[in-house]
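Participant: Next up is a structure, given as structure tokens.
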Amino acid sequence: MGPKSRYIGPEVPKEDLIWQDPLPQPIYNPTEQDIIDLKFAIADSGLSVSELVSVAWASASTFRGGDKRGGANGARLALMPQRDWDVNAAAVRALPVLEKIQKESGKASLADIIVLAGVVGVEKAASAAGLSIHVPFAPGRVDARQDQTDIEMFELLEPIADGFRNYRARLDVSTTESLLIDKAQQLTLTAPEMTALVGGMRVLGANFDGSKNGVFTDRLAY
1 MGPKSRYIGP EVPKEDLIWQ DPLPQPIYNP TEQDIIDLKF AIADSGLSVS
51 ELVSVAWASA STFRGGDKRG GANGARLALM PQRDWDVNAA AVRALPVLEK
101 IQKESGKASL ADIIVLAGVV GVEKAASAAG LSIHVPFAPG RVDARQDQTD
151 IEMFELLEPI ADGFRNYRAR LDVSTTESLL IDKAQQLTLT APEMTALVGG
201 MRVLGANFDG SKNGVFTDRL AY
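First residue of the sequence shown: 1, per UniProt numbering; consecutive thereafter.
Spelled out as structure tokens, the structure:
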């Protein structure tokens, strides 16, 4: 059934149940200047483009358009079980740095800062290629607590494969290309968006194991 926000009608239960993936009420309302300051802090944190993009993707890419579960809201990448997933091993190494920025600033949720890290990563990569771009960002995400996260239920969201990160855990289910299409469909991507992301993630160094598999250029941005 997905998050409680999807329910309609007069008989929606008032209590929050853990299988609804409950989220707390927002407590941050960052201003435009706050966002600028946070972007500077992230850019100066020492994290590479690869690390910035990887942590943002790991957080957001659990989203499933079918039931609206997963995704960046809640920052559950920082919680069990997602923090221990093999596919996230490289991505979570950036979390302590971003958690420190969040605590020191007190201006935005960790969920927003993780997404903002991806924004900074893409903008830095473009700058390294001689381009000046502005990636749109909308704040408003919140941070779930561990007691609001059903570990057993969230284990079901662990990817068997993530073609965008060149990751595949099992070889006994479907074909690699079918799994990529399925992942793109769950993320509600169009074919051009899927294509751009596959290539873009490769040259931004977002392969889950740091390999150069699938990278067909020496013009890398990480």
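From the three backbone atoms N, C-alpha and C, an ideal C-beta is built for every residue, glycine too.
Would the beta-carbon of K124 fall within 9 Å of that of L197?
Facilitator: Here residue 124 is taken as the residue at index 124 of the sequence shown, counted from 1. Here residue 197 is taken as the residue at index 197 of the sequence shown, counted from 1. No, these two residues do not count as a Cβ contact at 9 Å.
Participant: My output table needs one value for G214: the three-state DSSP class, helix, strand or coil.
Facilitator: In the sequence shown, residue 214 corresponds to position 214, counting from 1. Coil, per DSSP.
Participant: Under the assumption that N73 contacts L23 (Cβ atoms under 8 Å), give the Cβ distance between them as a whole number of angstroms.
Facilitator: For the purposes of this step, residue 73 is taken as residue 73 along the sequence shown, with counting starting at 1. For the purposes of this step, residue 23 is taken as residue 23 along the sequence shown, with counting starting at 1. N73 to L23, Cβ: 7 Å. Contact.
Participant: From what residue to what residue does the alpha helix (DSSP H) around residue 242 run?
Facilitator: Since the displayed the chain opens at 1 and closes at 222, residue 242 lies outside it and no answer follows.
Participant: By Cβ distance below 8 Å, which residues in the same chain neighbour I101 in space, the five residues on each side in sequence not counted?
Facilitator: As a first step, residue 101 is located in the sequence shown; it is residue number 101 there, counting from the start. The answer, listed in chain order, is L38, A41, I42, S45 and I113.
Participant: What does DSSP give as the partner residue(s) for D86 in the beta ladder?
Facilitator: As a working note, residue 86 is residue 86 in the sequence shown. Per DSSP, none; premise fails for D86.
Participant: Answer yes or no: do D218 and A108 have a C-beta to C-beta separation smaller than 9 Å?
Facilitator: By 1-based counting over the sequence shown, the position of residue 218 is 218. By 1-based counting over the sequence shown, the position of residue 108 is 108. Against a cut-off of 9 Å, the Cβ pair of A108 and D218 comes out as no contact.
Participant: Relative to the C-alpha of D86, which residue among D147, A161 and L47 is closest?
Facilitator: Position 86 of the sequence shown holds residue 86. For D86, the nearest C-alpha among the options comes from A161.
Participant: Apart from the five residues on each side of it in sequence, which residues of its chain come closer than 8 Å, Cβ to Cβ, to A94?
Facilitator: As a first step, residue 94 must be located in the sequence shown, where it is residue number 94. So the qualifying residues of the chain are L47, E51, L52, S54, V55 and A117.
Participant: Skipping 5 residues on each side, what residues in its chain have a beta carbon closer than 6 Å to that of V120?
Facilitator: As a working mapping, residue 120 is identified with position 120 in the sequence shown. K39, I42, A43 and L52.
Participant: So, helix, strand or coil for A169, using DSSP?
Facilitator: For the purposes of this step, residue 169 is taken as the residue at position 169 of the sequence shown. Correct three-state label for A169: coil.
Participant: Got a sec? Which residues, its chain only, sit under 6 Å from K212 by beta carbon, not counting five neighbours each side?
Facilitator: For the purposes of this step, residue 212 is identified with residue 212 of the sequence shown, where counting begins at 1. Closer than 6 Å at Cβ, skipping near neighbours: no residue.
Participant: L204 and S61 - do their beta-carbons sit closer together than 9 Å?
Facilitator: On the sequence shown, residue 61 is found 61 positions in, with the first residue counted as 1. On the sequence shown, residue 204 is found 204 positions in, with the first residue counted as 1. The answer is no: Cβ separation not under 9 Å.
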